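S.K.:
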Amino acid sequence: MNTLLRILVVVPGIFFTCIGLLWLIAPANAAAALGMPLLDGVGRSTQVADMAVFFLALGMMTVLAAISLKSRWFQLPALILLGAAAFRVLAWLVHDAALAVEPIALEVVVGCLLLFASSRLAEKE
Amino acid sequence: MRYVRSLRLLLLAVTGLWHSLLLAQAGPPNIVLILADDLGFSDIAPYGSEIQTPALNALAENGVSFTNYHTAASCAPTRGMMLTGVDSHRNGVPNIPETIPPELAQYENYRGTLSHGVVTVASLLQDAGYHTYMAGKWHLGQTPDLLPSRRGFERTVTMADTGADNWEQKPYIPIYERANWYADGERTTLPEDFYSSRFLVDKMIEFIDSKHADRKPFFAYLPFQAVHIPVQAPQEFTDKYMGVYDAGWTALREQRQSRARELGLVPATADMVTMSTTNDWDAYTEEERRYHAKRMAVYAGMVDAMDHHVGRLVEYLKSIGQYDNTIFIFTSDNGSEASGGDDVRSPLMRLSLAMNGYTNDYDTLGLKGSFNAIGPSFASAAAGPLAYYKFYAGEGGMRVPLIIAGEGLPVKGEWTSAFAYVMDIAPTILELSGVKPPGRYFGGHPVEPMTGRSLLPLAVGKVDRVYAETESVGYELAGNAALFQGDYKLVRNYLPVGDNRWHLYNIATDPGETEDLSVSMPERFVLMQTLYADYAADNGVLPLPADYDATFQGVANGIRERFGLHILVALLTLLVLVPLYFAYRVSSRR
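Order-wise, the sequence lines are chains A and B. Taking numbering that gives the first Met the number 0, the leading residue of the first sequence gets 0, the next gets one more, and so forth. Taking numbering that gives the first Met the number 0, the leading residue of the second sequence gets 0, the next gets one more, and so forth.
1. Residue 88 of chain A touches chain B at which residues, Cβ-Cβ below 9 Å?
2. Please state if the CB of residue 423 of chain B and the CB of residue 452 of chain B are separated by a distance shorter than 9 Å.
3. So which residues of chain A does residue 559 of chain B contact, with C-beta pairs closer than 8 Å?
4. What's the call for residue 116 of chain A, buried or exposed, on a 16-neighbour Cβ count within 10 Å?
5. With distances taken from CA atoms, which of B:302, B:396, B:431 is nearest residue 31 of chain B?
6. For residue 177 of chain B, which residues in the same chain have their Cβ closer than 7 Å to its Cβ, ignoring the five residues on either side in sequence?
7. Which residues bound the alpha helix (DSSP H) around residue 257 of chain B?
8. Using three-state DSSP, classify residue 116 of chain A as helix, strand or coil.
9. What residue range is occupied by the uninterrupted beta strand (DSSP E) comprising residue 329 of chain B?
10. Would you mind telling me which residues of chain A sit closer than 8 Å to residue 544 of chain B, beta carbon to beta carbon, in chain order?
11. Could you have a look at residue 473 of chain B and say whether DSSP puts it in helix, strand or coil?
12. Per DSSP, what kind of secondary structure is residue 506 of chain B in: helix, strand or coil?
13. How far does the beta strand (DSSP E) with residue 154 of chain B in it reach, from first residue to last?
14. Residues of chain B with CB closer than 7 Å to the CB of residue 104 of chain A, please, in chain order.
15. Give the interface partners of residue 573 of chain B over in chain A, defined as CB-CB distance under 7 Å, in chain order.
16. With residue 520 of chain B as the anchor, note down where its beta strand (DSSP E) starts and where it stops.
17. Within the same chain, show all residues whose beta-carbon is closer than 8 Å to that of residue 7 of chain A, passing over the 5 residues directly before and after it, in chain order.
18. Let me know if residue 461 of chain B comes out buried or exposed under the rule of 16 or more other beta-carbons within 10 Å of its beta-carbon.
19. Using a beta-carbon distance cut-off of less than 7 Å, what residues from the segment 90-123 of chain B approach chain A?
20. Could you tell me whether any Cβ in chain B is nearer than 9 Å to the Cβ of residue 34 of chain A?
21. By Cβ distance below 6 Å, which residues in the same chain neighbour residue 236 of chain B in space, the five residues on each side in sequence not counted?
22. Sort out for me which residues DSSP pairs residue 612 of chain B with in a bridge.
23. Using 8 Å as the threshold, is the segment 466-477 of chain B in touch with the segment 64-81 of chain B, meaning 3 or more CB pairs across them?
24. What's the gap between the Cα of residue 21 of chain B and the Cα of residue 407 of chain B?
25. Touching or not, the segment 259-270 of chain B and the segment 41-52 of chain B, by the rule of three or more beta carbon pairs under 8 Å?
26. Enumerate in chain order the residues of its own chain whose CB-to-CB distance from residue 341 of chain B is below 6 Å, with the five nearest sequence positions on each side excluded.
27. Along chain A, in chain order, which residues have C-beta atoms closer than 7 Å to that of residue 563 of chain B?
28. So residue 395 of chain B packs on residue 40 of chain B, CB below 8 Å; how close in whole Å?
29. Would DSSP call residue 383 of chain B helix, strand or coil?
30. Just checking my contact of residue 109 of chain B with residue 541 of chain B at CB under 8 Å: how many whole Å lie between their CB atoms?
31. What first and last residue would you give for the alpha helix (DSSP H) that runs through residue 572 of chain B?
32. From this set, B:419, B:367, B:134, B:251, which residue's C-alpha is nearest residue 507 of chain B's C-alpha?
33. For chain A, check one thing: does any of its Cβ atoms lie closer than 9 Å to the Cβ of residue 40 of chain B?
34. With DSSP as the reference, label residue 308 of chain B as helix, strand or coil.
35. For a test of the three-state rule: what should DSSP assign to residue 137 of chain B, helix, strand or coil?
36. So, for residue 588 of chain B: in the same chain, excluding its five sequence neighbours on each side, which residues have a beta-carbon less than 8 Å away from its beta-carbon?
Below is the structure:
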């Protein structure tokens with residue numbers, strides 16, 4: 000059971016890492032996958048750098064959680080994901096963004112999975 | 000044959016001129032604009048329906064009826080264009096606000112409320128000395144500055160939402176907290192004995208009666224709730240149609256097609272398609288068929304009741320001696336409504352209705368507390384013999400009845416197959432009343448000029464068309480789009496019922512849109528797509544977001560409208576509490 004849970008945690012970690020790498024290798028494709036155009040000039044610089052580091056950090060922390068079983072590595076990416084879901088709802092409510100149901104669902108599910116895994120797998124620190 | 004037709008036109012022109020002179024001598028006529036809601040092309044007796052509509056029959060016999068009149072395929076865009084004569088993408092109402100995605104709603108003309116950059120026909124008539132009254136559904140904005148009392152109507156009682164219950168002051172879907180009714184710009188409460196059609200006509204009679212003595216002409220705008228969902232009717236009206244629909248929707252659609260051919264509403268050779276959403280009547284059990292037949296009986300009862308109350312208004316006008324100086328315009332805001340599905344007895348459907356305080360039991364169907372809709376199969380019959388229905392750009396969504404009638408008109412019981420469009424109503428009313436359309440400015444503010452055409456030359460028999468063969472009229476609503484030119488129509492019906500691809504039809508010979516001419520007439524197909532692109536660019540038509548789904552958007556917008564503040568407070572509270580919790584945990588470990 001615990002092994003299966005560790006695998007379930009690693010899978011989204013790898014997925015997020017791949018998206019981070021995609022931002023570095025093919026940013027136009029990465030942008031399109033997230034429903035945004037690739038900007039020009041300084042905008043593109045910020046877009047590529049910030050999005051790449053966001054997803055790479057998220058992915059690495061998640062993978063690290065499954066390897067190290069330290070609770071903080073579970074909780075940090077969980078907080079980031081749940082925060083992203085909350086801010087998506089906020090963007091919809093306040094800033095006329097679309098209600099992105101599928102990304103919100105993914106973020107909430109993986110965030111909750113990480114918190115659950117933390118309670119089951121993490122060593123006492 | 001051509002000489003006979005020319006002679007007839009000449010005679011009509013002479014009588015038309017004579018009647019125009021009579022109209023001018025009698026002073027400006029009263030104008031009664033009656034708008035049914037979601038009424039299909041063949042839903043009234045003059046258009047081949049089995050539903051008894053004697054008042055509308057009498058109007059049709061006293062004027063001209065249009066077989067090729069097109070409106071927008073959804074409520075608010077029709078109302079906006081009808082009252083202003085301005086394209087929906089220029090008047091602020093390209094779609095109903097409930098389903099406009101937020102990405103588009105940030106643009107000024109995509110808010111779904113009537114822009115202050117347009118002037119209503121009511122404002123123009125009021126300026127010209129008319130009394131202007133409205134009783135019925137508005138749906139063009141409900142902030143104080145957008146209500147009809149601030150858009151040219153002197154006296155109003157109005158419901159500001161997409162729809163509402165017909166028996167009580169209650170929202171019909173949970174996206175509304177309450178049914179938003181207003182009287183003269185202030186929130187109001189409906190009477191205990193409320194039934195929508197009766198109440199609206201009572202109020203209109205009350206308005207007219209209150210100022211009748213001063214002899215000024217009036218403009219009465221009467222947009223009924225009938226026959227929008229929830230489809231509800233007094234029992235005695237429903238009872239007239241029990242048993243009438245026992246043969247089912249396919250039989251009814253064929254019956255309506257046959258009648259439309261007999262009446263000459265469509266060519267005798269015109270075919271029709273079976274919609275993919277039409278279910279197999281024979282596959283239902285006897286009990287299920289009995290239930291569905293009653294759904295349609297209630298619908299017919301609701302149309303009949305509306306007609307009964309139109310008749311009361313006509314009788315009232317006769318009683319005060321104003322009938323002879325009144326021009327009536329009757330039409331519908333779009334084709335028949337298909338929502339509700341045909342699986343309405345499922346536990347999930349009944350649970351969702353119960354959560355909104357409704358049942359759909361057979362015995363009480365159509366009465367107070369009951370929610371009824373005819374569903375896609377009967378909706379297709381109601382639009383018969385046309386294809387598609389409300390929301391879609393197929394003829395069944397856009398082609399609806401239009402009758403212009405009155406003692407002052409020279410044409411009696413005539414039909415015209417001339418193309419006419421919803422934007423033509425406002426210019427027609429202005430010409431009838433002798434009021435000039437607005438220029439570039441109204442009340443010192445810049446306004447969009449009217450682009451519709453007056454249909455009066457058709458109504459007095461002076462011409463046989465108001466749009467030349469080469470002129471084109473474009474249309475777009477939530478991805479459903481069309482371009483009309485001469486006898487041809489370029490059309491794109493959006494998902495889920497349409498395929499989101501362009502098709503070309505000759506709607507004069509093939510109003511059922513059965514034979515796609517896009518391959519056999521490639522030059523016209525390309526030309527009309529180019530003309531549509533020009534229309535879209537000229538009028539600021541915006542592309543829909545990818546994967547747009549009107550139903551989902553309606554739910555999302557409804558949640559945001561009703562619960563947005565609650566969600567926002569909950570989120571902000573969480574955003575404060577979570578860091579505090581983690582800070583507490585870290586400090587307690589030290």
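Cβ atoms here follow ideal geometry from the backbone N, Cα and C, with glycine treated the same way. The structure displayed is predicted, hence computed values, not measured ones.
M.R.: On the basis of the supplied data:
1. Within the first sequence, the letter at position 89 stands for residue 88 of chain A. The contacting residues are 566, 567, 570.
2. Taking the second sequence and counting its residues from 1, the one referred to as residue 452 of chain B is at position 453. Taking the second sequence and counting its residues from 1, the one referred to as residue 423 of chain B is at position 424. Yes, they are a contact pair.
3. Here the question's residue 559 of chain B lines up with position 560 in the second sequence. Residues of chain A passing the Cβ test: 91, 92, 98.
4. As a first step, residue 116 of chain A must be located in the first sequence, where it is residue number 117. Counting the other Cβ atoms within 10 Å of the Cβ of residue 116 of chain A gives 16 or more, which makes it buried.
5. The residue given as residue 31 of chain B occupies position 32 in the second sequence. Per the C-alpha coordinates, the member of B:302, B:396, B:431 positioned closest to residue 31 of chain B is B:431.
6. Taking the second sequence and counting its residues from 1, one reaches residue 177 of chain B at position 178. Excluding residues within five positions, the ones whose Cβ falls inside 7 Å are 170.
7. For the purposes of this step, residue 257 of chain B is taken as the residue at position 258 of the second sequence. Residue 257 of chain B -> alpha helix (DSSP H) spans 248-262.
8. The sequence position of residue 116 of chain A within the first sequence is 117, counting from 1. Residue 116 of chain A: helix per DSSP, three-state reduction.
9. In the second sequence, the residue the question calls residue 329 of chain B occupies position 330. Unbroken beta strand (DSSP E) run through residue 329 of chain B: 325-331.
10. Along the second sequence, one-based indexing puts residue 544 of chain B at 545. Residues of chain A passing the Cβ test: 97.
11. Indexing the second sequence from 1 puts residue 473 of chain B at position 474. In this structure, residue 473 of chain B counts as strand in the three-state DSSP scheme.
12. Locating residue 506 of chain B in the second sequence gives position 507, where the first residue counts as 1. Residue 506 of chain B falls in the coil class under three-state DSSP.
13. Locating residue 154 of chain B in the second sequence gives position 155, where the first residue counts as 1. That run of the beta strand (DSSP E) goes 154-158.
14. The residue given as residue 104 of chain A occupies position 105 in the first sequence. Those do not exist, as residue 104 of chain A stays about 14 Å from chain B at its closest Cβ, beyond 7 Å.
15. Sequence index remark: in the second sequence, residue 573 of chain B carries index 574 (1-based). Result: 85.
16. Here the question's residue 520 of chain B lines up with position 521 in the second sequence. No beta strand (DSSP E) contains residue 520 of chain B, which DSSP labels as neither H nor E.
17. On the first sequence, position 8 is the one that residue 7 of chain A refers to. Residues of the same chain with a CB within less than 8 Å of the CB of residue 7 of chain A, apart from the 5 flanking positions on each side, are 112, 116 in chain order.
18. One-based indexing of the second sequence puts residue 461 of chain B at position 462. Flag for residue 461 of chain B reads buried.
19. 100, 101, 102, 104, 105
20. Taking the first sequence and counting its residues from 1, one reaches residue 34 of chain A at position 35. Judged by the 9 Å Cβ criterion, residue 34 of chain A is in contact with chain B.
21. The sequence position of residue 236 of chain B within the second sequence is 237, counting from 1. Counting only Cβ-Cβ distances below 6 Å, and skipping sequence neighbours, we find 300, 303, 304.
22. Past the edges of chain B, shown from 0 to 589, lies residue 612 of chain B, and the structure says nothing about it.
23. With the cut-off at 8 Å, the segment 466-477 of chain B and the segment 64-81 of chain B touch.
24. Position 22 of the second sequence holds residue 21 of chain B. Position 408 of the second sequence holds residue 407 of chain B. In this predicted model, residue 21 of chain B has a pLDDT of only 47, less than 50, meaning its place in the structure is not dependable; the value taken from the coordinates is given anyway. Distance between the alpha carbons of residue 21 of chain B and residue 407 of chain B: 7 Å.
25. At 8 Å Cβ cutoff, the stretches touch.
26. The sequence position of residue 341 of chain B within the second sequence is 342, counting from 1. 278, 374, 376.
27. Taking the second sequence and counting its residues from 1, one reaches residue 563 of chain B at position 564. Per Cβ cutoff of 7 Å: 92.
28. Here residue 395 of chain B corresponds to residue number 396 of the second sequence, with the count starting at 1. Here residue 40 of chain B corresponds to residue number 41 of the second sequence, with the count starting at 1. Indeed, because the Cβ distance is near 7 Å, the residues count as touching under 8 Å.
29. Here residue 383 of chain B corresponds to residue number 384 of the second sequence, with the count starting at 1. Reduced to three states, the DSSP call for residue 383 of chain B is coil.
30. Counted from its first residue, the second sequence places residue 109 of chain B at position 110. Counted from its first residue, the second sequence places residue 541 of chain B at position 542. 6 Å between Cβ atoms; contact.
31. The residue given as residue 572 of chain B occupies position 573 in the second sequence. Residue 572 of chain B -> alpha helix (DSSP H) spans 549-588.
32. In the second sequence, counting from the first residue as 1, residue 507 of chain B sits at position 508. Nearest C-alpha to residue 507 of chain B: B:419.
33. Mapped onto the second sequence, residue 40 of chain B falls at position 41. No, no contact with chain A.
34. Residue 308 of chain B sits at position 309 when you count from the first residue of the second sequence. If DSSP states are grouped into helix, strand and coil, residue 308 of chain B belongs with the helices.
35. As a first step, residue 137 of chain B must be located in the second sequence, where it is residue number 138. In this structure, residue 137 of chain B counts as coil in the three-state DSSP scheme.
36. Position 589 of the second sequence, counted from the first residue, corresponds to residue 588 of chain B. For residue 588 of chain B, where only same-chain residues beyond five positions count, there are no Cβ hits under 8 Å.
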